[in-house]
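Novice:
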Amino acid sequence: MKFLPMDKKKIVVRALSGAVYVAIVVSLIFLGSVGVFPLAILFSILATIEFDRISFGGRKSAAAIACDAVANGLMASFAGAVFVPIVLGVRFLIQLYSKSNRDKAVSSLSSSLMSVVYIGLPMMSLSLLSYIFGVYNGFVEWIAAGFASLPKLSCATLVLAMFILIWLNDTGAYLVGCMCGRHKLFERVSPKKTWEGFFGGMAFCLIGAAVFYGLNDFSFPGDDVPLAVWLVYGVLVAVFATWGDLIESMIKRNAGVKDSGNVMPGHGGILDRIDSLLAVAPMTLIYWYLIVTAVMSLNL
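In my numbering, the protein residues as written are 7 to 306.
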């Protein structure tokens, strides 16, 4: 097996910026909801700005982009979602009084609504995860207690597990794809993705899910969560993370750009970093809250 040739300087830059990104995200998650809410809002605003710049031929006005960013920031805040219709109303008025013709106006408004569905709702799912599953002060209280024992995660670990499994999927897909990737996954959308890389990412996710199962007593009403539930979640993360990646690749290919931005050296933009999260966060909320909790509460 042989790795594909890679630029060493690019690898170093990518690794350093990636390490900073991971450190910031994990630190905010450790703060509980106090950190997760701002993280979701920041992701939502920055990703929306990038999305608007590459969609609609990059011809959206600064006012339109600002309205979209505010709307999705409010969506991500969860409580502020009630004000989204007002912001979108302002967005409509801006478009109404712009000099765009009717077709361009409809296309611009459609892309704004798409950003709410594509970015705003998933980021609201992230906020809801931290709220519903009580990420409040789980880790903070554990640290204050002097690291007396491993945290039961009191559902707080779910957010951390989601991010780590996404990163493991990316790492596994990249390494296995570089070593032995031969069969293209969806070449027209993402030429570098392979089936070997996809299953490599899934294998890494399964290992990570098994580790999270062994590290804590992640409890739900009725009983502890069995290993099978974690393993199924690992498979779902691999599938939805890849799906999210492909969706963003399709958007970028349609826009004729390689990266959504340049916020992170070696990684591109924020949208490039959270493309998988945009698909995984809603799935995680539905899987653990609507399916697992319901089944566990019935003692099935």
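Note that CB positions come from ideal geometry on N, CA and C, so glycine has one too.
#1: Determine which residues share a DSSP beta bridge with K190 and list them.
#2: Would you call the segment 71 to 80 and the segment 117 to 128 in contact, with 3 or more CB pairs under 8 Å?
#3: Can you tell me which of the three DSSP states D230 falls into?
#4: Give the C-beta separation of F204 and L212 to the nearest angstrom, bearing in mind that I take them to be a contact with Cβ-Cβ under 8 Å.
#5: For M81 and L52, which I take to be in contact (beta-carbon distance under 8 Å), what is that distance rounded to the nearest angstrom?
#6: In chain order, what residues of the same chain lie with their CB nearer than 7 Å to the CB of R259, ignoring the 5 residues before and after it?
#7: Who pairs with M129 in a beta bridge, going by DSSP?
#8: Are three or more beta carbon pairs between the segment 42 to 52 and the segment 128 to 137 nearer than 8 Å?
#9: Does DSSP classify G267 as helix, strand or coil?
#10: Measure the alpha-carbon distance for P227 versus Y137 and round it to whole angstroms.
#11: Is the segment 280 to 291 touching the segment 245 to 255 in the sense that three or more CB pairs, one from each, lie closer than 8 Å?
#12: Using only alpha-carbon positions, find the residue among A209, G220, I257 that is nearest to L242.
#13: So, V266 versus I60, is the Cβ gap smaller than 8 Å?
#14: Can you give the Cα-Cα distance for A21 and L34, rounded to whole angstroms?
Specialist: Working from what's here:
#1: Counting from 1 along the sequence shown, the entry for residue 190 is found at position 184. BP columns for K190 point to T200.
#2: yes
#3: The count along the sequence shown starts at 1 and reaches residue 230 at position 224. D230: strand per DSSP, three-state reduction.
#4: As a working note, residue 204 is residue 198 in the sequence shown. As a working note, residue 212 is residue 206 in the sequence shown. Not a contact, Cβ separation roughly 13 Å.
#5: Against the sequence shown, residue 81 aligns to sequence position 75. Against the sequence shown, residue 52 aligns to sequence position 46. Actually they do not touch by this definition, with Cβ atoms about 14 Å apart.
#6: Locating residue 259 in the sequence shown gives position 253, counting from the first residue. Cβ neighbours of R259 beyond the five flanking positions: V195.
#7: The count along the sequence shown starts at 1 and reaches residue 129 at position 123. DSSP, once it has assigned bridges, lists no residue as partnering M129.
#8: yes
#9: On the sequence shown, residue 267 is found 261 positions in, with the first residue counted as 1. If DSSP states are grouped into helix, strand and coil, G267 belongs with coil.
#10: What you label residue 227 is simply residue 221 of the sequence shown in a count that begins at 1. What you label residue 137 is simply residue 131 of the sequence shown in a count that begins at 1. Per-residue confidence for P227 stands at a pLDDT of 42, beneath the threshold of 50, marking its modelled position as unreliable; the derived number appears in the next sentence. Taking the straight line from one Cα to the other gives about 17 Å.
#11: yes
#12: Your numbering for residue 242 matches position 236 in the sequence shown. Comparing Cα positions, the closest option is A209.
#13: For the purposes of this step, residue 266 is identified with residue 260 of the sequence shown, where counting begins at 1. For the purposes of this step, residue 60 is identified with residue 54 of the sequence shown, where counting begins at 1. Looking at the sequence itself, residue 266 is Ser, so the reference to Val does not match. Going by C-beta atoms, S266 is nearer than 8 Å to I60.
#14: Counted from its first residue, the sequence shown places residue 21 at position 15. Counted from its first residue, the sequence shown places residue 34 at position 28. Those two C-alpha atoms are separated by around 20 Å.
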